[in-house]
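Counting from 1, position 88 in the sequence shown corresponds to residue 88 in UniProt numbering; the numbering is continuous, with no gaps. The next block holds one structure in the form of structure tokens; read it before the comments.
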Amino acid sequence: MTNLMSVFEIIGSIAFAISGSMLAIKKEMDLFGILILGIVTSVGGGAIRDIVIGNTPPAMFQNPKCTVISSITAVVVFIIWKIHNRHTVTEKIARRTDIMYHNLLFLSDTLGLAAFTILGMETTIRFLNTDQFLLIAFVGLITGVGGGILRDLLAGEIPYVLQKHIYATACIFGIIGYYILYHFIPENAAALIGFCLVLAIRYLAKHFEWNLPR
1 MTNLMSVFEI
11 IGSIAFAISG
21 SMLAIKKEMD
31 LFGILILGIV
41 TSVGGGAIRD
51 IVIGNTPPAM
61 FQNPKCTVIS
71 SITAVVVFII
81 WKIHNRHTVT
91 EKIARRTDIM
101 YHNLLFLSDT
111 LGLAAFTILG
121 METTIRFLNT
131 DQFLLIAFVG
141 LITGVGGGIL
151 RDLLAGEIPY
161 VLQKHIYATA
171 CIFGIIGYYI
181 LYHFIPENAA
191 ALIGFCLVLA
201 IRYLAKHFEW
211 NLPR
């Protein structure tokens, strides 16, 4: 794994742990529930990836770095939430907090999605030594969205990826961009561009309110 992929792994772990923890808080779960959702969101997609490509036991057990990072992140989110809750909350502050919650959830979800999509593709290429687009694309996609699907199911929600929002579609743009560029430019440059493509599509979709038909 290159240094850039290690950075993606850390970014994705922290971002998805924040995403999972915040949803757990919204669902009024206790610290254990916050930890579970934070960890599952962070490592769930990677665990599914490893099972698909035959890398067993999954990396989360071989090297628990991501599990530790996500656990610490979940506890930090819990502490910040408890500190925030100590103060008197007026209606104005509640509205502002709600806006901040949705913005932070969007940011963390988008960063995790972009990082793990590219990381899933790179892991598949490296572990299987393959150039099969459909396999690489599928594993990249499931690595990106898998943790979020497990998070939503555990929280009793319809998975975000199955709703009208531009979510998996953003992954697909990043996947295609990375796969094409991987053959012509250095791997790290292709990975960065693929990562940025996912971010760009997500933010453009949010700004212009693009949604899939329903």
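Even for Gly, the Cβ is constructed at its ideal location relative to N, Cα and C.
With 16 or more other CB atoms across the displayed protein chains lying within 10 angstroms of its CB, G44 is buried. CA-to-CA, the gap between F184 and I53 works out to about 25 Å. Taking 9 Å as the cut-off, the Cβ atoms of G194 and F16 do not count as close. The C-beta of V68 has fewer than 16 other C-beta atoms within 10 Å across all chains shown, which makes the residue exposed. With contacts defined by Cβ atoms closer than 9 Å, S42 and I14 form a contacting pair. Going by DSSP, W210 is part of no alpha helix (DSSP H) at all; its letter is neither H nor E. Here the C-alpha atom of R126 lies approximately 25 Å from the C-alpha atom of I39. E9 has its alpha-carbon roughly 7 Å from the corresponding atom of A115. Within the DSSP bridge table, the entry for H165 names N211 as partners.
The beta carbon of G156 lies closer than 8 Å to those of K27 in the same chain, with the five residues before and after it left out.
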